[in-house]
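S.K.:
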Amino acid sequence: MPRPATAVDVATGLPARAGVLAWLRERWEIVALAVLALAPLVVPALGGALGGQMTTLFIYCILALGLNVMVGYTGLVHLGIAAFFGIGAYLMAILTVPMYPFQIGWLAAAVVSVLLTAGIGLALGAPTLRLRGDYLAIVTLGFGEVVKVTLRNLEQITGGMKGLNPVPPPGAGVKVAGIDLGLAFAIDPRWFYYLSLLALAGVVVAMRRLEHSRLGRAWVAVREDELAASAMGISATRVKLSAFAMSSAVAGLAGCLYAGSLSTTADPNAYDFNRSIMVLCAVILGGLGSIPGTLLGVAILVGFDTVLAPWADSLIQQMNINPLGSSLLSFSGWRLAIFGLALVLVMRYRPEGLVPSRRLAAELREAHP
Amino acid sequence: MKPFRRNAGPPAGSSPPIGESPLLDVDRLTVRFGGLVAVSELDLDVPAGSIVSLIGPNGAGKTTAFNTISGIYSPTSGSVRFQGRRLEQSFTTGTFWSAMGVGLLTGLLFAAAAVDVDRLWLAVVKRGMITNEPFSLAGAASRLRGYFRAELAIDQMAGKWRVVSADGSDVLAIRRDLDEASALRNAFQAEVTARRAGPGTVPDTSDLADAVEPTSEAAALPRIREEVLDRLAAGKQRIRRRGWLGLFAGWVLGTAGTLAVWQRGRRSPHVVARAGISRTFQNIRLFSNMTVLENVLVGLDRTIPGGVTAMLFKTPANRRAEATARGRGLDALDFVGLAGSANRIAGQLPYGDQRRLEIARALATGATLILLDEPAAGMNPSETGELATLIERIRQRGVTVLLIEHHMSVVMRISDRVAVLDHGVKIAEGTPAEVKRDERVIEAYLGGES
Amino acid sequence: MSVQFFLQQCLIGLTNGALIALVALGYTMVYGIIGLINFAHGDLIMLGACLALSIVTALGLAAAGPTATWLGIAMLVVVCGLFCGGLNLAVDRIVYKPLRTAPKLAPLVSAIGVSFIFMNIGLFWIGPADRSFPELLPAANLLPGEGLQFTWKDLLVVLVVVPLMVALSLLVKSTRLGKAMRAVSQDATAAALVGIDVDRVIAATFFIGGFLGGAASVIYGLYINTIGFQMGFQNGLYAFTAAVLGGIGSIPGAVVGGIVIGLVRALSSAYVGERWTGAIVFAILIVILVFRPEGLLGRRTREKV
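Chains as they are written, first to last, in the numbering used here: chain B, 2 to 370; chain D, 1275 to 1724; chain X, 29 to 333.
1. According to the neighbour-count rule (16 or more other Cβ atoms, all chains shown, within 10 Å of its Cβ), is S358 of chain B buried or exposed?
2. Can you check whether the CB of T1639 of chain D is closer than 8 Å to the CB of G1580 of chain D?
3. Between L1396 of chain D and chain B, is any beta-carbon pair separated by less than 8 Å?
4. Which runs of the beta strand (DSSP E), 3 residues or longer, sit entirely within the segment 73-104 of chain B?
5. Roughly how many whole angstroms lie between the Cα atoms of M74 of chain X and G100 of chain X?
6. Look at the Cβ atom of L142 of chain B, then the Cβ atom of L53 of chain X, and state whether they are nearer than 8 Å.
7. Taking its Cβ as the centre, do 16 or more other Cβ atoms sit within 10 Å of A109 of chain B, making it buried, or is it exposed?
8. For T129 of chain B, which residues in the same chain have their Cβ closer than 8 Å to its Cβ, ignoring the five residues on either side in sequence?
9. My output table needs one value for G143 of chain B: the three-state DSSP class, helix, strand or coil.
10. Roughly how many angstroms lie between the CA atoms of F340 of chain B and M1374 of chain D, to the nearest whole one?
11. Who are the near neighbours of G109 of chain X in its chain, counting only those whose CB is closer than 6 Å to its CB and skipping five residues on each side?
12. Candidates X:G301, X:L221 and X:G281: which alpha carbon is nearest L324 of chain X's?
13. State the beta-bridge partners of D120 of chain X as determined by DSSP.
14. Measure the CB-CB distance between I1558 of chain D and E1660 of chain D and report whether it falls below 8 Å.
15. Going by other Cβ atoms of all chains shown within 10 Å of its Cβ, with 16 needed for buried, is F1365 of chain D buried or exposed?
16. For P135 of chain X, collect the residues of the same chain with a Cβ closer than 7 Å to its Cβ; drop the 5 residues on either side in sequence, then sort them by chain order.
17. Is it buried or exposed, P16 of chain B, if we count other Cβ atoms within 10 angstroms and call 16 or more buried?
18. Exposed or buried, L1297 of chain D, counting other C-beta atoms within 10 Å across all chains shown (16 or more means buried)?
19. Taking 8 Å as the cut-off, decide whether the C-beta atoms of L81 of chain X and F161 of chain X are in contact.
20. Am I right that I235 of chain B and D1575 of chain D are in contact with their C-beta atoms under 8 Å? What's the rounded C-beta distance?
21. Consider the Cβ of G1531 of chain D: report whether some Cβ of chain X lies at a distance smaller than 8 Å.
22. If we count the other Cβ atoms within 10 Å of its Cβ and call it buried at 16 or more, is A1483 of chain D buried or exposed?
23. May I have the straight-line CA-CA distance separating W1536 of chain D from P170 of chain B, to the nearest angstrom?
24. Rounded to the nearest angstrom, what separates A345 of chain X and I62 of chain X at their Cα positions?
25. Just how far apart, CA to CA, sit A307 of chain X and A267 of chain X?
26. Count the other CB atoms within 10 Å of the CB of P156 of chain X; is the residue buried (16 or more) or exposed (fewer)?
27. Within the continuous beta strand (DSSP E) that includes L1426 of chain D, where are the two ends?
28. Kindly list the residues whose CB is nearer than 6 Å to the CB of D1299 of chain D, restricted to its own chain and excluding five residues on each side of it in sequence; keep chain order.
29. Would you mind reading off the limits of the alpha helix (DSSP H) that contains F1370 of chain D?
30. Confirm, please, whether the CB-CB distance from M1585 of chain D to R210 of chain B is below 8 Å.
31. In whole angstroms, give me the CA-to-CA distance for G1283 of chain D and R1635 of chain D.
32. When you compare the CB of P352 of chain B with every CB in chain D, is at least one pair closer than 8 Å?
33. Can you name the residues of chain B whose CB is closer than 9 Å to the CB of K1588 of chain D?
34. Going along the chain, which residues of its own chain have a beta-carbon closer than 7 Å to the beta-carbon of L1527 of chain D, five neighbours each way excluded?
35. Using 8 Å as the threshold, is the segment 278-294 of chain B in touch with the segment 67-82 of chain B, meaning 3 or more CB pairs across them?
36. Quick check on the DSSP output: the beta strand (DSSP E) that includes L1676 of chain D runs from which residue to which?
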């Protein structure tokens, strides 16, 4: 018997909402998708640099949703998601750049890199997931560092600090109605805007479905009480492994899109600990295990870095209160401290995040008096 | 009434009950934590279709016995058999092949590190790109062989052709013309082969290379050439040996590692649960932020068919499976009287309902034996009465019940047999009436003179 | 690659390992007592090194005579130790203490946040570029002959690390506080029931861990001679790996783990190449966790049901 949509509100014990609000709460993603899909027709700036920035935002959203599978649903601390992001990007590049003989099509390359990234996740998870949860944090952290260093060291394969480029745009050489698709992608950022938006929508739908399926329930059950789940016949190791693989696959997909949209893998330092932590911050800030929360968290953090910080910096410069250029008086100089403080404060006062997931809110709260 | 035997202390060579073998057979089970013996030489038979109670004062080792049966603890000695089988993951061909597979993967990883995968890539992939021929697997394979045989190769740099070692680290000659370079490569290769064969067969190649060196950087070439050729002659074996060594070391580590991990996970609660034993916990362990129905659906997890792709694409089969599971979940809830609370959050249920939900969840797994750990704890007398009825109804469904309980009203009313534990030792076993009269039992509960 | 070269590398590894062990102790003690991976520990040490650099510069120790230098170093160890210990204690009071009953994720994430704040402070303190730490000790070899190098710097590491470890093990083994610490690490509730002031024990643990870290920061500056605001991450990672390798929560384990990591780093830098050191350490960590998940000297933990 499918549960009626409004029952969720009853179940959370939240006050009943007005019809429109309740509908929005249930169907927010359709509204958001419609707005974002129509935006390029209304906002011309999306044809320029803003379009590129939005593409990056979408890609980070995908990455964060991937991380959310592990940290949010399954409750495993993962500090090296950027490594899988990087693996996806580099595999994509290796399979498509003209420097190498493979040059398989864009879509095929994306599929192969996503699968391989998931496989690498499995290979890392298999020996370590039976360990206590805390060990996983150090294993993923160490793995992140090792991947970064390895990408830097294998100069013949990865191009070292130069990275691999040019990653050709999707559909290069494919002509539709006389237009070379690859060329279109290369010239107009709106193409990538739509491609990454489509991918993001796909990932959101996939996550929604998994959340309400057998696998999603098993993830949450393992997070809430591993022993009880195990006594119900659920193999905690397999469930965690599947979360690890899913997480890696989605991160790999984000990596593919990233390499594609930048047409380069960038250098290995783009996939370091800082990136992992930024994504983790986004997931935690927005709300562990909550899809809208994760998306909001990414929007806030990326917005902070690309909009708020430059704006505040230029404001400080205009007001001429920092003639010596001291980093103490520049807004971006405080970036780390602001992120750090945000983490501490969120954990202290709102551990369930800005848009809490129904399932996790009570769990994080119950311990607080 | 099932046959029973009185059991004061473990009898030597006790024979199984006549007629049938028990569903659960605990044989001389001992569990020791460090110096503390929690359960000592426990013998317990649970016949199919019965309700057996395990009673005793606090700290008697009842829950430890439960935890050992359900695979959370490992027994120090003795055995637990369910339907005649030990509850351990057996070594299957699947285990064997996965150990082999992981071993092979680790071996390849180690070998890649040992033979320097970076240079291997250069030799096999990048080298294939310079002559404008389309990439072919055969070509790659031959270059791969070349790398392991430390053969010489042609390379292109700044519009000139170079004769280099397979990994590209040593340059032997530089030519403008590809054919000339190829000829030179073959000559050098012949020399390397000759040097490998031994001294005295070395052809003189000095005139081959030094004729026209197009750049100044080439001035040093003749000097290093001798050294390189010598090294290549010796190097063939080295790189191969390293490759094989890496493959072997990685294979051993990977296989042993898989087996070690497998061995540790052999007796895990999920193995026991899948064999058909399910349980509840003394201090309720629900998934308290999931809904009541979802809790039961986790119990039903194994009965829902379909893989990840089916879930992602929401195939009709997947929808049907989920719908069936929901139906069965609601049935299970209905059975314990919680159908009306299906969409509530489990943690917000009243205490007694939470206990009943735990039972519903355990039943949903399709278990044939259910272990109830103090299901009446914290219940009032009327709830306790209902619980006793519920347990009898569970038995009527064909599910055998092993029960730990302090409420004697429940134990005495529904049990077919009662076993009494004190300080980890079984001091009595029999029908409720017999146990009630047993002096040792009275002593254990009320305290003896000693 | 002679035997002598090998021995030299082992010596370097042992000295480095002692330093790593000192940092690893800070991780393992805090983990043992409240089950928190104190991510900020590495950055705490970075701040200690910043303080040490500031003091050395302010006092002009680089130009001082030998007696003044040694006195100065002793003073640095104490001052930086107190500074880091106090800071660690303060962070525990302000940040972690309110989260004692929260799920494990909360203090862990807070620790990452604190580590970021520390990094930002370090950035303001010494700037974004690496700074060189003055060479206070003569580079003369203390061993006879040309073969093995063992300089004053190496001696300093031994002189600081060994007494600190002996003191720590005495403290944990035979004092009341040590007994209380062991009790709390086994079962905080039970410890509280028998009258142990759990909060004080936790505070003491943070202080001692921080003190050891502060001492390590001074030695780090004097031994490695380069500090930067990002040094905390890398060193913290190695030290934490050492703690896990030895068995997290176990004090002798941290020492063994530190020395193993030090040796592995030195030998792999010498024989394989510096750039692969991280990967080799990681591979060894995975192998050990597969075969001995509780670490080399760790205890098996049993889940409470």
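Each residue gets a CB set at the ideal place from its N, CA and C atoms; glycine is no exception.
M.R.: Well, looking at it:
1. buried
2. no
3. yes
4. You should have found no qualifying run.
5. 19 Å
6. no
7. exposed
8. Y136, L137 and V140
9. Of the three classes helix, strand and coil, the one that applies to G143 of chain B here is helix, per DSSP.
10. 46 Å
11. F239, G242 and A243
12. The shortest CA-to-CA distance from L324 of chain X to any of X:G301, X:L221 and X:G281 is the one to X:G281.
13. Among the bridge pairs identified by DSSP, D120 of chain X is matched with none.
14. no
15. exposed
16. L64, Y124 and L127
17. Any reading at P16 of chain B must be qualified, since the residue scores a pLDDT of 43, below 50, and its modelled position is unreliable; no value is offered.
18. buried
19. yes
20. Contact between I235 of chain B and D1575 of chain D holds, since their C-beta atoms are separated by about 6 Å, short of 8 Å.
21. yes
22. Residue confidence is low: A1483 of chain D scores 49 on pLDDT, short of 50, so the model does not pin down where it sits. Its coordinate-derived value is still stated next. Buried.
23. 45 Å
24. Given a span of 29 to 333 for chain X in the structure shown, any question on residue 345 of chain X remains unanswerable.
25. In a straight line, the C-alpha of A307 of chain X is about 15 Å away from that of A267 of chain X.
26. The residue is exposed, with fewer than 16 neighbouring Cβ atoms inside 10 Å.
27. L1426 to M1431
28. D1319 and R1355
29. T1367 to A1388
30. yes
31. Note on G1283 of chain D: pLDDT 36, under 50, position unreliable in the model; the coordinate value appears next. C-alpha of G1283 of chain D to C-alpha of R1635 of chain D: approximately 36 Å in a straight line.
32. no
33. R210 and S214
34. T1380
35. yes
36. T1674 to I1678
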